[in-house]
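Q:
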Amino acid sequence: MALLANLLSFIALMGLVLVPITLAQNSHQDFVNAHNAARSRVGVGPVSWNYTLAAYAQTYANKKIGTCEMQHSYGPYGENLAEGYGEMTAVEAVNFWVSEKKYYDHRLNRCVGDECGHYTQVVWRNTKHVGCARVKCRNNWIFVICNYDPPGNYAGQLPY
Numbered sequence: 022m023a024l025l026a027n028l029l030s031f032i033a034l035m036g037l038v039l040v041p042i043t044l045a046q047n048s049h050q051d052f053v054n055a056h057n058a059a060r061s062r063v064g065v066g067p068v069s070w071n072y073t074l075a076a077y078a079q080t081y082a083n084k085k086i087g088t089c090e091m092q093h094s095y096g097p098y099g100e101n102l103a104e105g106y107g108e109m110t111a112v113e114a115v116n117f118w119v120s121e122k123k124y125y126d127h128r129l130n131r132c133v134g135d136e137c138g139h140y141t142q143v144v145w146r147n148t149k150h151v152g153c154a155r156v157k158c159r160n161n162w163i164f165v166i167c168n169y170d171p172p173g174n175y176a177g178q179l180p181y
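Following this line, the structure appears as structure tokens:
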């Protein structure tokens, strides 16, 4: 009986420990750290979290819960969108955008072979602030949006 009580206590304790870990995988610091890891690899300074950008992102993400439609807000900020089935954590979303690096030719300052604009926004040298949001849509997909200020991806300018 004591063994069973100890086992149940252990399971309950693990539940308390694991819940914050799961939630922490989508904290604003997770978004910031993932962006800054990519930025540091190309010698660009860090971004910091901005609550105004995050509120803008959350408001827009909330509008996408019904459809999870990948459509930009066309607002005043730079913007990256991602969606995925399962969890699509903060880090996974940023890494998805950063995976476009292989298509960016810095010497030519253009995408070669596929899209790379999400990557160049992540590492845009003049961008100082980021704010992101993540929602679960009715179709069980996850919709992720990050907004950037100042925005990037200006024609003719190098991101770094």
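Anchor point for the sequence shown: position 26 equals 47 in my numbering, and the numbering is continuous, going up by one each time.
Every residue, glycine too, gets a C-beta built ideally from N, C-alpha and C.
Among G134, R159, A154, K122, which residue has its Cα nearest to the Cα of Y7?
A: Residue 7 lies beyond the range of the chain shown here (22 to 181); nothing can be said about it.
Q: In its own chain, which residues sit with a C-beta less than 8 angstroms from the C-beta of A76, not counting the 5 before and 5 after it?
A: G152
Q: Under 6 angstroms Cβ to Cβ from Q79, same chain only, skipping five residues before and after it: list those, please.
A: Excluding residues within five positions, the ones whose Cβ falls inside 6 angstroms are A154.
Q: Just to confirm, is the Cβ distance from L179 to N101 under 8 angstroms?
A: For the pair L179 and N101, the CB atoms are not nearer than the 8 angstroms cut-off.
Q: Using 8 angstroms as the threshold, is the segment 46 to 53 in touch with the segment 141 to 148, meaning 3 or more CB pairs across them?
A: no
Q: To the nearest angstrom, report how far apart G107 and H139 are at their CA atoms.
A: 21 angstroms
Q: What did DSSP end up calling D51 once you bin it into helix, strand or coil?
A: helix
Q: With DSSP run on the structure shown, which of helix, strand or coil describes G138?
A: helix
Q: Buried or exposed: L39, going by 16 or more other Cβ atoms within 10 Å of its Cβ?
A: Bear in mind that the predicted position of L39 carries a pLDDT of just 33, short of 50, making it unreliable; the figure below should be weighed with that in mind. Counting Cβ neighbours within 10 Å, L39 comes out exposed, since fewer than 16 surround it.
Q: Just the Cα atoms here: how many angstroms apart are H127 and K85?
A: Straight across, the Cα-Cα distance linking H127 with K85 is about 34 angstroms.
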